[in-house]
Amino acid sequence: MFCSPFWTLSVVNEWRDITPVYHVEDSNVGVILGLKDNVLTLTIAGDIEPAIKHISYIQRTFARPSLTLMTQQIADALPTDIKEYLGPSFGWAWDFYYVNKPLNPVHSSHDVVEVALGSSRIASYRDEIFQVLEMSNPISDALDFFDSLSWFTIFSDDRIVAVLGYEEREGCAYLHGLGTHPDYRQHGYGGAVMVGAVNQLLKRNTSVQFGMWAWNNNARRLYRRLGITHGGALIHAQRQAFKELG
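Residue 94 in full-length UniProt numbering is what sits at position 94 of the sequence shown, and the numbering runs on without skipping anything.
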């Protein structure tokens with residue numbers, strides 16, 4: 001079985017209820033091809049040589065994937081013909097992060113307040129949380145499914161100054177939509193809500209994970225400083241040009 005953190009924590013959960021048309025996992029590589037959200041999708045990670053061999057086999061045997069997700073390392077090593085086959089467009093590069101042990105506390109991380117979906121708190125604070133996220137992180141995909149998430153918040157001056165959304169599935173927590181009110185930036189609230197949320201979630205989950213757009217170097221520095229583990233650099237390929245965010 002392929003055991004990279006990205007594969008075992010992210011890919012396995014994403015594909016849990018999907019029957020693939022091609023699926024290989026060994027000590028060196030993980031490959032899944034199947035209909036995901038009605039789109040023929042290929043996900044592949046692991047060592048370069050076996051990855052390219054499996055892609056070549058898929059090219060000869062199956063319909064062309066509409067979307068491929070692979071590690072940046074594999075993408076960088078692809079021969080020209082396979083780049084054309086999977087692409088020719090490459091984009092939506094992102095980084096996978098995960099945590100499986102508590103983070104060291106930072107200033108205000110003990111002040112993080114949970115606002116769970118379905119609770120009386122969400123009824124009271126829903127609009128304010130949405131406003132903070134929209135102002136601070138307007139390209140967050142969490143805005144698209146905001147009302148399906150629970151939230152962690154930090155208050156200062158009787159207002160919400162930082163937010164972080166989450167959902168939980170089968171012992172794993174998934175983070176979405178980190179944002180700090182523009183008037184309260186540079187005070188450590190983003191790091192505090194991240195640490196406080198992760199440490200509370202790890203009391204009832206075995207891991208916490210999230211993705212970050214690869215261009216977001218400010219967030220990258222924050223996660224490194226907090227001790228959050230980087231689990232892989234990923235990129236997509238498809239025939240159409242990508243509309244990049246940010």
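Glycine included, every Cβ here is placed at the ideal spot set by N, Cα and C.
Just curious, the alpha helix (DSSP H) that residue i is in, first and last residue?
i    : result
K101 : Here K101 belongs to no alpha helix (DSSP H), and DSSP marks it neither H nor E.
L226 : 217-226
I74  : 72-77
E84  : 80-86
The beta strand (DSSP E) spanning residue i covers which residue range?
i    : result
Y22  : 22-25
A233 : 229-238
E41  : Checking the displayed sequence, the identity of residue 41 turns out to be Thr instead of Glu. Its beta strand (DSSP E) spans residues 39-46.
Determine the DSSP secondary structure at residue i, reduced to helix, strand or coil.
i    : result
E168 : strand
H176 : strand
H187 : coil
L9   : helix
F130 : helix
A63  : coil
I139 : coil
S150 : strand
L212 : With the sequence shown as reference, residue 212 is identified as Met, and Leu is not the correct amino acid for it. Strand at M212.
When you compare only the Cα positions, how much space is there between residue i and residue j?
i    : j    : result
P79  : L9   : 29 Å
T153 : I58  : 46 Å
E49  : V29  : 9 Å
S150 : A75  : 35 Å
A219 : R185 : 13 Å
Y174 : V106 : 21 Å
F130 : E170 : 26 Å
Do the CB positions of residue i and residue j come within less than 8 Å of each other?
i           : j    : result
N137        : G165 : no
D26         : F6   : no
H181        : V132 : yes
residue 273 : I235 : With the chain covering 1 to 246 only, the question about residue 273 has no answer from this structure.
Does residue i pass the burial test, meaning 16 or more other C-beta atoms within 10 Å, or should it be called exposed?
i    : result
P65  : buried
V21  : exposed
D147 : exposed
V195 : buried
Taking Cβ positions only, does residue i come closer than 8 Å to chain D?
i   : result
E84 : Although the question refers to chain D, the structure presented lacks it and comprises just one protein chain.
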